[in-house]
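Undergrad: Numbering-wise (the working numbering), the sequence shown opens with residue 99 and increments by one. Structure below; questions to follow.
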Amino acid sequence: ELADDLRRIGNTPFPLPVGIMLNEAQPHLSPCIRCDTCDGFPCMVNAKADAHVVCVEPALAHDNVTLLTDSKVIFLETSPDGRSVTGVVVERGGQQETYSADVVVVSCGAVNSAALLLRSAGDKHPNGLANSSGMVGRHYMAHNNSALMALSLRPNPTVFQKTIGINDFYFGSDDWKYPLGHIQMLGKSNADMLRDSAPRLVPGRALEEMASHSLDFWLTSEDLPLPGNRVTVNRSGQIVLRYKNNNTEGHKRLVKKLRGMLKEIGAENHLIPSSLYMGKKIPLAGVAHQNGTLRFGSDPKDSVLDLNCKAHDMDNLYVVDSSFFVSSSAVNPTLTIAANALRVGGHILERMR
């Protein structure tokens, strides 16, 4: 109904790629059961196409793959000339163990990959491993993200709500020539999700009523790769994340566009007044879309990785998470991370033959 109404006013909603194992032709054979806890919760039937289900578990079926749990990589050792990683130092069960390989791939996420390289400073890399450019940790991005919940006067019985995306304002709008971003539906809110950010005095019954009458949206706009937005580590090795909000005007306008669309399709007649829209900007600690910090490029002076995601300063060190991004776009980075990992994996395979 919502998609039809949006098309009627000239928008082009599209089916959202949600990465679930859903068999609509034969529902009885479908791993996904279209439950109401898909978004933001672990999947109890392993029907989400997440890294654990589609990558780790299939890999563990091979005899030459071992997964160490409760283990933390704390340092990368290098050869005397500093050109190769010779040891991966791991803290495991209160003890330190060292592993070695011809090729070492780091994939800790944009924050922790940068932190690991910074912690691995040594005589040949005094400012951090692979950091001759001074770019390690810089240009951190995580998007301008907001969750917006519109409260309807009538119940919203939808169970599996995260199905629609809107990119009509991705590159701009009639009244703003710069990109605004992406709008999509969120998974259905429930009382437990609302309780975390609700005032303490709000009774549980009220939260249940709000959740049952909600339309839930996620809005993403691009943030810019500013060198001052960066990951560092302090003297004790703890991560310090510095970030200054930027490119926020487009995001504010995107929120306004969504409210305008709901008004135009007549949803306003069924919504509680707009002053009671609920929403929040995702805070600094919300790093789900983290990227940047180890940008790739052809010039070692202003990038950390080459175009195959090998560190310019190292012969056998690769990074294949979201660290390589040079810009953040305005969509979830996961598919780009996966595509690049497959690309770099093919390159490493050719190298090892």
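Quick reminder that beta carbons are idealized off the backbone N, C-alpha and C, glycines included.
Report the option in Ala-248, Ile-264, Ile-131 whose CA atom is closest to the CA atom of Lys-146.
TA: For Lys-146, the nearest C-alpha among the options comes from Ile-131.
Undergrad: Any Cβ of chain C within less than 9 Å of the Cβ of Cys-136?
TA: Structure shown: chain C not included; a single protein chain is present.
Undergrad: Out of Ser-319, His-223, Thr-135, which has the shortest C-alpha to C-alpha gap to Glu-175?
TA: Glu-175 has its Cα closest to that of His-223, out of Ser-319, His-223, Thr-135.
Undergrad: Should the stretch 163-177 be regarded as contacting the stretch 379-393, the criterion being three or more beta carbon pairs within less than 8 Å?
TA: Not touching, per the Cβ criterion.
Undergrad: Near Pro-371, what residues of its chain come up, given a Cβ to Cβ distance below 7 Å and the 5 sequence neighbours on each side ignored?
TA: No answer about Pro-371 holds up, because its pLDDT of 47 lies below 50 and its placement is not dependable.
Undergrad: Count the other CB atoms within 10 Å of the CB of Ser-420; is the residue buried (16 or more) or exposed (fewer)?
TA: Buried.
Undergrad: Which residue marks the beginning of the beta strand (DSSP E) containing Ala-245, and which one marks its end?
TA: Its beta strand (DSSP E) spans residues 242-249.
Undergrad: Got a sec? Which residues, its chain only, sit under 7 Å from Ser-427 by beta carbon, not counting five neighbours each side?
TA: Result list for Ser-427: Glu-320, in chain order.
Undergrad: Using the C-alpha atoms, what's the distance from Asp-266 back to Asn-109?
TA: Distance between the alpha carbons of Asn-109 and Asp-266 is about 6 Å.
Undergrad: Check each candidate in Tyr-268, Asp-168, Thr-184 and name the one with the smallest Cα separation from Leu-352.
TA: Among Tyr-268, Asp-168, Thr-184, the Cα nearest to that of Leu-352 is on Tyr-268.
Undergrad: Taking the continuous beta strand (DSSP E) assigned at Ile-172, which residues delimit it?
TA: Counting along the chain, the beta strand (DSSP E) containing Ile-172 begins and ends at 169-176.
Undergrad: Does the distance from the CB of His-410 to the CB of Arg-328 come in under 9 Å?
TA: In this structure, Arg-328 does not lie closer than 9 Å to His-410 by Cβ.
Undergrad: Which partner residues of Gln-194 appear in the DSSP bridge assignment?
TA: Answer by DSSP bridge pairing, in chain order: Glu-189.
Undergrad: From Leu-100, Val-116, Asp-134, His-445, pick the residue whose C-alpha is nearest to that of Asn-288; which is it?
TA: Here the closest residue by C-alpha is Asp-134.
Undergrad: What does the Cβ neighbour count give for Thr-318, buried or exposed, with the cut at 16 atoms within 10 Å?
TA: Under this definition Thr-318 is a buried residue.
Undergrad: Report all residues from its chain with a CB closer than 7 Å to the CB of Val-151; omit the five preceding and five following residues, and keep chain order.
TA: Hits under 7 Å: Asn-144.
Undergrad: Taking the Cβ atom as the reference point for each residue, do Ser-169 and Val-154 lie within a distance shorter than 9 Å?
TA: Result no, Cβ atoms of Ser-169 and Val-154 do not sit closer than 9 Å.
Undergrad: Can you tell me which residues form a DSSP beta bridge with Met-239?
TA: Per DSSP, Asn-389.
Undergrad: State buried or exposed for Leu-382, treating a residue as buried only when at least 16 other CB atoms are found within 10 Å of its CB.
TA: The residue is exposed, with fewer than 16 neighbouring Cβ atoms inside 10 Å.
Undergrad: Of all the options Ile-264, Phe-315, Phe-173, which has the alpha carbon lying nearest to the alpha carbon of Leu-284?
TA: Measuring from the Cα of Leu-284, the nearest candidate turns out to be Phe-315.
Undergrad: What residue range is occupied by the uninterrupted beta strand (DSSP E) comprising Thr-330?
TA: It spans 328-331 - the beta strand (DSSP E) in which Thr-330 sits, taken as one unbroken run.
Undergrad: Quick check on Ser-334: buried or exposed, where buried means 16 or more other Cβ atoms within 10 Å of its Cβ?
TA: Looking at its Cβ environment, which holds fewer than 16 other Cβ atoms inside 10 Å, Ser-334 is exposed.
Undergrad: Of the choices Phe-422, Glu-448, Asp-413, Leu-433, whose alpha-carbon is the least far from that of Ala-199?
TA: Out of Phe-422, Glu-448, Asp-413, Leu-433, Asp-413 has the C-alpha closest to the C-alpha of Ala-199.
Undergrad: List, from N- to C-terminal side, the alpha helix (DSSP H) runs of 4 residues or more that fit wholly inside the stretch 298-324.
TA: List check, alpha helix (DSSP H) in window: 302-310.
Undergrad: For Leu-415 versus Ala-228, is the C-beta spacing smaller than 9 Å?
TA: Yes; because the gap between Cβ atoms is below 9 Å, this pair is in contact.
Undergrad: Looking at C-alpha atoms only, which residue of Thr-346, Gly-348, Glu-347, Val-331 is the closest neighbour of Arg-340?
TA: Measuring from the Cα of Arg-340, the nearest candidate turns out to be Val-331.
Undergrad: May I ask you to list the residues that DSSP assigns as paired with Gly-263?
TA: Answer is Phe-112, Gln-282, bridged to Gly-263.
Undergrad: Could you tell me which of Asn-210, Cys-136, Gly-138, Val-204 sits nearest to Gly-443, measuring between CA atoms?
TA: Gly-443 has its Cα closest to that of Val-204, out of Asn-210, Cys-136, Gly-138, Val-204.
Undergrad: Please state whether the Cβ-Cβ distance between Leu-100 and Ile-363 is less than 9 Å.
TA: Yes, they are a contact pair.
Undergrad: Please name the residue in Lys-286, Leu-322, Gln-124, Leu-403 whose C-alpha comes closest to that of Leu-246.
TA: Looking at the Cα atoms, Lys-286 is the closest of the given residues.
Undergrad: Mind reading off the beta-carbon distance from Gly-226 to Ser-218? Whole number of angstroms is fine, and I expect it under 8 Å.
TA: 7 Å between Cβ atoms; contact.
Undergrad: Leaving out five residues before and five after Asp-221 in sequence, what residues of the same chain have Cβ atoms less than 8 Å from its Cβ?
TA: These residues qualify, in order along the chain: Gly-180.
Undergrad: Looking at Leu-360 and Asn-344, is the spacing between their C-beta atoms short of 9 Å?
TA: In this structure, Leu-360 does not lie closer than 9 Å to Asn-344 by Cβ.
Undergrad: What would DSSP say about Ser-271, mapped onto helix, strand or coil?
TA: It is a strand residue.
Undergrad: Suppose the cutoff is 8 Å on Cβ atoms and the five residues either side in sequence are ignored; what does the same chain contact list for Leu-433 look like?
TA: For Leu-433, where only same-chain residues beyond five positions count, the Cβ hits under 8 Å are Pro-115.
Undergrad: Check whether the Cβ atoms of His-241 and Ile-264 sit closer than 9 Å, and answer yes or no.
TA: Not a contact, by the Cβ cut-off of 9 Å.
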